[in-house]
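Please read the structure below before turning to the comments.
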Amino acid sequence: MLNDTYHLGQNCGFNRQFNDTTTNQKYTFFVPRDRAWQQARVTMPSAIKKLFMLDFCYYAVQVLERHLIVGDVALTMERIKAMANDTSISYGKEIYTNKKETELGTVRDSLKIAVEERINSTFIIHWKGKKIHVFRPNVECTNGVIHVINYPFLEEGDIRISASSPLSLTPHLLMLTLAKWLLL
8 MLNDTYHLGQ NCGFNRQFND TTTNQKYTFF VPRDRAWQQA RVTMPSAIKK
58 LFMLDFCYYA VQVLERHLIV GDVALTMERI KAMANDTSIS YGKEIYTNKK
108 ETELGTVRDS LKIAVEERIN STFIIHWKGK KIHVFRPNVE CTNGVIHVIN
158 YPFLEEGDIR ISASSPLSLT PHLLMLTLAK WLLL
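Number 141 in our numbering belongs to position 134 of the sequence shown; there are no gaps in the numbering.
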């Protein structure tokens with residue numbers, strides 16, 4: 008269920024930090040499940056392919072760091088939802104809920120999300136126009152909490168691999184020209 012995220016973190020050394028029991032830090036980790044990575048492979052195949060290649064571990068660590076919050080306390084979904092302070096407005100029989108985003112400091116940068124709790128005690132994370140279902144919230148661990156999510160916090164532009172530029176070919180062309188001139 009969480010194999011892809013585990014292997015992504017293991018291959019790049021990201022998971023080592025979770026073995027440190029000397030600190031009192033608590034982790035809140037939004038872990039994309041395997042199905043989440045499969046869905047991401049459909050919507051952005053080249054980005055996900057590169058993300059799982061060992062040559063691009065830098066990007067894998069960046070993406071995983073966006074999913075990790077380190078602090079004095081682990082954040083449950085209820086606590087994150089309360090941090091946003093939803094406001095409800097009623098017009099007659101209709102009740103409208105204004106979801107406010109909360110900004111969470113992750114290891115990489117900040118994560119602006121709004122959390123919606125459904126009637127059946129399930130949660131939806133609103134992030135950059137996406138609605139991400141929390142498959143299994145509040146999984147308690149010895150050093151924090153894991154929230155298993157149905158889509159990674161990832162956009163197409165997060166992984167940019169450029170083709171070689173013409174400037175990188177210049178030394179090779181210069182050497183070939185010089186070798187040709189010397190042999191003539």
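Where a beta carbon is used, it is the ideal one built from N, C-alpha and C, also for glycine.
Check: Quick one: what does DSSP say P159 is sitting in, helix, strand or coil?; Outcome: coil
Check: Ignore the nearest five residues each way along the sequence and tell me which others in V146's own chain have a CB closer than 6 Å to its CB.; Outcome: I153
Check: Just to confirm my understanding: we take S97, look at its own chain, exclude 5 residues before and 5 after, and list those with CB closer than 7 Å. What are they?; Outcome: Here the model assigns S97 a pLDDT of 49, short of 50, so the residue's position is not dependable, and the following value carries that caveat. Cβ within range, chain order: n/a, list empty.
Check: For chain C, is any of its Cβ atoms less than 8 Å away from the one on K107?; Outcome: Looking at the structure shown, chain C is missing, and only one protein chain is on hand.
Check: Spell out the partners DSSP gives H154 in its beta bridges.; Outcome: F37
Check: Mind checking who H14 pairs with in its DSSP beta bridge?; Outcome: Answer by DSSP bridge pairing: none, since H14 is not bridged.
Check: Sorted by chain position, which residues of the same chain lie with C-beta nearer than 8 Å to D165's C-beta, five sequence neighbours on each side aside?; Outcome: A54, Y66, Q69 and V70
Check: Mind checking which residues open and close the alpha helix (DSSP H) that includes A121?; Outcome: Segment S117 to E124 is the beta strand (DSSP E) holding A121; no alpha helix (DSSP H) there.
Check: Taking its Cβ as the centre, do 16 or more other Cβ atoms sit within 10 Å of R73, making it buried, or is it exposed?; Outcome: buried
Check: Would the beta-carbon of K135 fall within 8 Å of that of A121?; Outcome: no
Check: Identify which residue in C148, N150 and I139 has its Cα closest to the Cα of I156.; Outcome: I139
Check: Pick helix, strand or coil for I96, following the three-state DSSP scheme.; Outcome: Reliability of the predicted coordinates at I96 is poor, the pLDDT of 49 falling under 50, and no value is obtained from them.
Check: Which word fits D116, buried or exposed, when buried means at least 16 other C-beta atoms lie within 10 angstroms of its C-beta?; Outcome: exposed
Check: Look up Q24 in the DSSP assignment and say whether it is helix, strand or coil.; Outcome: helix
Check: Is it the case that the Cβ atoms of F36 and F160 are separated by a distance below 8 Å?; Outcome: no
Check: From which residue to which residue does the alpha helix (DSSP H) around R73 run?; Outcome: C64 to R73
Check: List the whole-angstrom C-beta distance separating F25 from Y34, where the pair is believed to meet the contact cut-off of C-beta under 8 Å.; Outcome: 7 Å
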